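K.L.:
Mind looking over this structure? Questions follow.
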Amino acid sequence: MKHEFFGNNNEDKHTKNQSTKPTQKAEVGQFFYKGKESDLIVFVKSADAVDHYLEEPRVEGLSDCVETFQIFTNHGSRGAEGVLGEASKAVVESELGKGKDQYAAIDMILREGKYTGQMSQVRRKDRMRA
């Protein structure tokens, strides 16, 4: 039974906007930016997706290559491995320059960082047990 609130046009748009979950476990790739004081990490869908984005960089295209719109840093040490937590705005600005929004910062990490491979499991500090 159809709800009258959704007409045919709205129902079609609603269906198209629903996210689809992959049937297989997707591997997440890691892009690493070596900073002066802190290293920054962005998780991406694949190196190929980033290459495709860099060919035609647009804010809309970031969602096709970035797994999450968050920038991470390694807490307590340097490098691409270890306990990762979300980088503060101050850390991101210190490394990449003041006034960059999240999209510009991620774009810069993808341009100037390097792909360090796929990860089978992402461990974030806020999800770990004490």
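In the numbering used here, each residue's number is its place in the sequence shown (first place is 1) plus 647.
For each residue, glycine too, the CB sits at the ideal point set by N, CA and C.
Because the structure is a prediction, the values reported are computed rather than measured.
1) Using only the alpha-carbon positions, how far apart do ASN721 and LYS747 sit?
2) Provide the residue span of the beta strand (DSSP E) that contains GLN749, from first to last.
3) Taking the C-alpha atoms as reference points, what is the distance between LYS692 and LYS761?
4) Please confirm if the segment 679–691 is in contact with the segment 702–722, defined as three or more CB-CB distances below 8 Å between the two stretches.
5) Could you compute how far the alpha carbon of GLU674 sits from the alpha carbon of GLU714?
6) Exposed or buried, TYR700, counting other C-beta atoms within 10 Å across all chains shown (16 or more means buried)?
7) Going by DSSP in three states, VAL739 sits in which element: helix, strand or coil?
8) Does the Cβ of GLN749 have 16 or more other Cβ atoms within 10 Å, making it buried, or fewer, making it exposed?
9) Can you look up VAL730 in the DSSP assignment and give me helix, strand or coil?
P.N.:
Looking at the coordinates:
1) Residue 721 sits at position 74 when you count from the first residue of the sequence shown. Residue 747 sits at position 100 when you count from the first residue of the sequence shown. Using only the alpha carbons, I get a separation of about 21 Å.
2) Along the sequence shown, one-based indexing puts residue 749 at 102. It is not in any beta strand (DSSP E) - GLN749 instead sits in the alpha helix (DSSP H) that spans 749–759.
3) Counting from 1 along the sequence shown, the entry for residue 692 is found at position 45. Counting from 1 along the sequence shown, the entry for residue 761 is found at position 114. Taking the straight line joining both Cα atoms gives about 14 Å.
4) yes
5) Working through the sequence shown from its first residue, we reach residue 674 at position 27. Working through the sequence shown from its first residue, we reach residue 714 at position 67. About 10 Å.
6) Along the sequence shown, read from residue 1 onward, the residue named residue 700 stands at position 53. Looking at its Cβ environment, which holds 16 or more other Cβ atoms inside 10 Å, TYR700 is buried.
7) The residue labelled residue 739 in the question sits at position 92 within the sequence shown. VAL739 falls in the helix class under three-state DSSP.
8) For this step, residue 749 is matched to residue 102 along the sequence shown. Result: exposed.
9) Locating residue 730 in the sequence shown gives position 83, where the first residue counts as 1. Residue state, collapsed to three classes: coil.
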